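Heads up: the sequence lines are chains A and B, in that order. Numbering-wise (the working numbering), the first sequence opens with residue 113 and increments by one. Numbering-wise (the working numbering), the second sequence opens with residue 113 and increments by one. Working notes, structure below.
There are 2 protein chains.
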Amino acid sequence: MQTLANVIRMPTPLVVRGAASAGVLEVLRKGEELFAEGDAADWFYKVMTGAIRTSKLLSDGRRQIGAFHLAGEIFGLEAGEVHRFTAEALAGATVLAFRRTCLELSAHDSEALREEVLASAIRSLDRAQEHMLLLGRKTAQEKVAAFLLDMADRMLDGEGPFELPMSRSDIADYLGLTIETVSRTLSQFTRDSLIRLPAASRWIELCNLHALRQLNVS
Amino acid sequence: MQTLANVIRMPTPLVVRGAASAGVLEVLRKGEELFAEGDAADWFYKVMTGAIRTSKLLSDGRRQIGAFHLAGEIFGLEAGEVHRFTAEALAGATVLAFRRTCLELSAHDSEALREEVLASAIRSLDRAQEHMLLLGRKTAQEKVAAFLLDMADRMLDGEGPFELPMSRSDIADYLGLTIETVSRTLSQFTRDSLIRLPAASRWIELCNLHALRQLNVS
DNA sequence: CGCAACTTTGAGAAGAGTCAAGACTGGTGG
DNA sequence: CCACCAGTCTTGACTCTTCTCAAAGTTGCG
């Protein structure tokens, strides 16, 4: 189903100025795919609102989510001609799409965008390094604690419960665990009073930051 | 022992033109550290000869190697003021060092270097994505098969045995396994005639590429 | 309200880790 | 040139974390 996204992209693109340069705004609904592994990589994107997951699939269905991108982050830029991972909206999201060719023009129009893109690529690489350490060397408890602290840090301005934008399955595929292990670990954290799960399963409150940070070794 | 490296680095830096821009050549001996996690990130590097490993350590000593960099690859560029991982030479290696400030000058001198750096960052991100999939979702056998095929592809121009530049411990820390599991998996591959280990433990020959590629799911 | 999708929980299996010992390699010095 | 030693690698026995399979409990959307 291509609704708003296409309407906006095709007849008369809605060009937004600001951020860094000109871009085309796209509105995505929950679960909607922005691009898939193997698609031509003519565009790259910046998250305006909502959250995007980027993932890779093995032929037998095993999935690894490489990152959750929140507002302000740039993603989808490729070295080759095609995208090397899939990007989907976690819930509703809006993104600004940029033609990849923008970067190739040597006009200094694109100077600012270019710098933003390089900085963003380096930050993504940083995050990827950190995530490889988590995937390769941390225990299930450490992984879940790291994830919760990271999400709270990025989504929350202070204390209190907050709503995770992703399912247990997304969390599992991000942390290299199964949904059962994620669920069991959250239950254990609840029993140990590290967190509270107030009924609706995507809401969470971190109660014992100190203990969570101890689990989140570094 | 600081030999050529210091001679070159200190009195009158040997400036090399070519590649993309000016750089300072450094010679590293086996195991020598180029920079550590937390060091000021005033320089970034391009591998000229040999191989470099980049890694992160947890406080209790667990280590994750993020990448092995072979000739031609750029690494060590950071978003912040300090390096977020350690870089060490696997065996002897030479690298070209660039001042990070090169990139900040808007002169079009640095245009070409800048482009090379962005391309390199994107390629690194690509590799990181692929490696996260391996770390999070592949079995020990699949990890080792993927590693062997990748190394053979990067180090070898065709058939025949080749010498891995890294120890079992490096391989284990790269694949998120223990050295025992790496060793057992290589032994199993040998029993199954997928590879041959001709005495000297770092030499290896891939005998059954077809079977290895089947293990290396994608 | 009802059903599909998601989440939790349990029991058992298995892949990879740990601990321990022995073999091999490669470099050093006699 | 050979012997020795430290470091590296392999192998074995056993443990344990996490996965798998199964079922019951929730949630939330239509």
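Where a beta carbon is used, it is the ideal one built from N, C-alpha and C, also for glycine. This structure is a prediction, so every number in the text was calculated from the model and none was measured.
Could you check which residue in the options has the C-alpha nearest to that of residue i?
i	options	result
LEU268/B	ILE316/B, ASP238/B, ALA205/B	ILE316/B
GLY188/B	ALA205/B, GLN176/B, SER167/B	SER167/B
THR290/B	LEU247/B, SER171/B, THR302/B	LEU247/B
PHE197/B	CYS319/B, LEU137/B, GLY150/B	GLY150/B
PHE259/A	GLY288/A, ILE164/A, ASP172/A, LEU215/A	GLY288/A
ALA153/B	PRO310/B, GLU193/B, GLY184/B, GLY173/B	GLU193/B
SER281/B	SER330/B, ALA311/B, ALA205/B, ARG174/B	ARG174/B
LEU202/A	PHE210/A, ALA163/A, ARG212/A, LEU215/A	ALA163/A
GLN176/A	GLU271/B, MET244/B, GLU227/B	MET244/B
PRO273/A	THR297/A, THR302/A, ARG249/A, ARG308/A	ARG308/A
ALA264/B	ARG141/B, LEU169/B, LEU182/B, VAL229/B	LEU182/B
VAL229/A	SER330/A, THR302/A, ARG303/A, GLY184/A	GLY184/A
GLY143/B	SER279/B, ARG266/B, THR297/B, LEU298/B	SER279/B
Residue i touches chain A at which residues, Cβ-Cβ below 7 Å?
i	result
ARG235/B	ALA191
LYS168/B	GLN241, LEU245
GLY204/B	Going along chain A, no residue has its Cβ under 7 Å from GLY204/B, so there is no contact; the nearest lies around 25 Å.
GLY150/B	Near GLY150/B there are no residues of chain A at all, since even the closest Cβ is about 12 Å away, more than 7 Å.
Taking 6 Å as the limit between beta carbons, can you name the residues of its chain near residue i, skipping five residues before and five after?
i	result
GLU145/A	GLU200
ARG325/B	none
LYS158/B	ILE186, LEU208
ALA179/B	THR166
SER236/B	none
Which whole-angstrom value is the C-beta distance of residue i and residue j, which I expect to be below 8 Å?
i	j	result
ASP262/A	ALA191/B	With a Cβ gap of about 16 Å, ASP262/A and ALA191/B do not count as contacting.
HIS195/A	ALA231/A	With a Cβ gap of about 21 Å, HIS195/A and ALA231/A do not count as contacting.
ALA311/A	ILE234/B	With 8 Å as the limit, ALA311/A and ILE234/B do not qualify as a contact, their Cβ atoms being about 43 Å apart.
SER171/A	LEU170/B	33 Å between Cβ atoms; not a contact.
ALA240/B	LEU140/B	About 23 Å separates the two Cβ atoms, so there is no contact after all.
Apart from the five residues just before and just after residue i, which ones in its own chain have a Cβ nearer than 8 Å to its Cβ?
i	result
GLN300/B	GLN253
ARG121/B	For ARG121/B, the predicted model reports a pLDDT of 39, less than 50, meaning its position is unreliable and no value from the coordinates is stated.
THR293/A	ALA252, ALA284
ARG211/B	ASP154, TRP155
For residue i, which residues in chain B fall below 7 Å Cβ to Cβ?
i	result
MET244/A	GLN176, GLY178, ALA240, HIS243, MET244, LEU247
PHE197/A	GLN241
GLY288/A	LEU247, GLY248, ARG249
So residue i contacts chain A; which residues on that side make the cut at Cβ distance below 9 Å?
i	result
ALA231/B	ALA191
VAL329/B	LEU170, SER171, ASP172, ARG174
To which residues of the same chain is residue i closer than 7 Å at the C-beta, ignoring the five residues directly before and after it?
i	result
LEU306/A	CYS319, ASN320, ALA323, LEU324
ASN328/A	GLU254, ALA257, ALA258, LEU261
ARG314/A	GLU275, LEU276
THR161/B	ALA183, ALA205, THR206
- Which whole runs of the beta strand (DSSP E) in the stretch 177-217 of chain B are 3 residues long or more, in chain order? 198-201, 205-211
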